[in-house]
Amino acid sequence: MPVVIHRIFVSPGHNYFGRHGLAADTHAILPREEVVCRAGRGVEGDRFFDYKEDYKGQITFFGWDTYQQIKAALAVPDLGPEAFRRNVLVEGLNLDELIGRRFRLGGVEFEGVCEAKPCYWMEQAVAPGAEAWLRGRGGLRAKILTDGVLHAGPADFAWLPGSVSPASAG
5 MPVVIHRIFV SPGHNYFGRH GLAADTHAIL PREEVVCRAG RGVEGDRFFD YKEDYKGQIT
65 FFGWDTYQQI KAALAVPDLG PEAFRRNVLV EGLNLDELIG RRFRLGGVEF EGVCEAKPCY
125 WMEQAVAPGA EAWLRGRGGL RAKILTDGVL HAGPADFAWL PGSVSPASAG
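Take 5 as the starting number for the sequence shown in the numbering used here and just add one per residue.
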């Protein structure tokens, strides 16, 4: 199956991260046709850009199939993919297989680090039951290894030599 990047998002601020015990913030989640990825730094314009050195969530991926399935499972057919606050909505990849592996997607090199675990905020952002439903399906957190521009649409994918142990990754 070919790989397709269906949507790309950035957000300039944190709506949930670091806000335990507070109300959610209201920073916009901005759709993009392309984003600039910076090695070791993140996605330009996103809240985690230059967040901290060697950060394991420089970019996040979410599965298109998972998105379609949760809409049906939780009866939220009009739910937009931005609700999950992941950067890249992709089809044609098993994101779990990317953990601990290096890969190239759309000309940019990445290293899959760990699952992007869902948090309790998903109950508010998506629907009641979303956090539990998303366990094991929350997407992928990755490091950016090379500078480049990632575009929405069909994307070339390749495995790269070298990998890390998911248990010891960043």
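All residues carry an ideal CB built from backbone N, CA and C; glycine is no exception.
Within 10 Å of its beta-carbon, does Pro-6 have 16 or more other beta-carbons around it, so buried, or fewer, so exposed?
Here residue 6 is taken as the residue at index 2 of the sequence shown, counted from 1. Burial state of Pro-6 is exposed, judged by a 10 Å Cβ sphere holding fewer than 16 other Cβ atoms.
Alpha-carbon to alpha-carbon, Glu-135 and Val-47:
Within the sequence shown, residue 47 is the residue found at index 43, counting from 1. Within the sequence shown, residue 135 is the residue found at index 131, counting from 1. Spanning the two alpha carbons is a distance of roughly 25 Å.
Report all residues from its chain with a CB closer than 8 Å to the CB of Tyr-59; omit the five preceding and five following residues, and keep chain order.
As a first step, residue 59 must be located in the sequence shown, where it is residue number 55. Residues of the same chain with a CB within less than 8 Å of the CB of Tyr-59, apart from the 5 flanking positions on each side, are Gly-46, Phe-52, Lys-147, Gly-174 in chain order.
By the three-class DSSP mapping on this structure, what secondary structure does Leu-97 have?
On the sequence shown, position 93 is the one that residue 97 refers to. Residue state, collapsed to three classes: coil.
Which same chain residues, not among the five before or five after Pro-122, have their C-beta less than 6 Å away from its C-beta?
Start at 1 with the first residue of the sequence shown, and residue 122 comes out as number 118. These residues qualify, in order along the chain: Glu-135, Leu-138, Gly-142.
With a threshold of 6 Å, establish whether the CB of Glu-37 neighbours any heavy atom of the ligand ADP.
Judged by which ligands are present, the structure shown has none, so any question about the ligand ADP falls away.
Between which residues of its own chain and Leu-99 is the CB-CB distance below 7 Å, once the five residues before and five after are set aside?
One-based indexing of the sequence shown puts residue 99 at position 95. For Leu-99, same chain residues with a beta-carbon under 7 Å away, outside a window of 5 residues either side, are Phe-65, Gly-67, Gly-143, Leu-144 in chain order.
If I measure Cβ to Cβ from Pro-81 and keep anything under 7 Å in the same chain, skipping five residues before and after, which residues do I get?
By 1-based counting over the sequence shown, the position of residue 81 is 77. Excluding five sequence positions before and after Pro-81, the CB atoms of its chain that fall closer than 7 Å to its own CB belong to Lys-75, given in chain order.
Put Glu-115 into one of helix, strand or coil per three-state DSSP.
For the purposes of this step, residue 115 is taken as residue 111 along the sequence shown, with counting starting at 1. Residue state, collapsed to three classes: strand.
With 16 as the cutoff for other CB atoms within 10 Å, does Ala-162 come out buried or exposed?
Taking the first residue of the sequence shown as position 1, residue 162 is located at position 158. Classification of Ala-162: exposed, given that the 10 Å Cβ count is below 16.
Three-state class that DSSP yields for Phe-66 in the structure shown:
The sequence position of residue 66 within the sequence shown is 62, counting from 1. Note: Phe-66 maps to strand in three-state DSSP.
Return the CA-CA distance between Phe-13 and Leu-78, expressed in angstroms with no decimal places.
Here residue 13 corresponds to residue number 9 of the sequence shown, with the count starting at 1. Here residue 78 corresponds to residue number 74 of the sequence shown, with the count starting at 1. CA-to-CA, the gap between Phe-13 and Leu-78 works out to about 23 Å.
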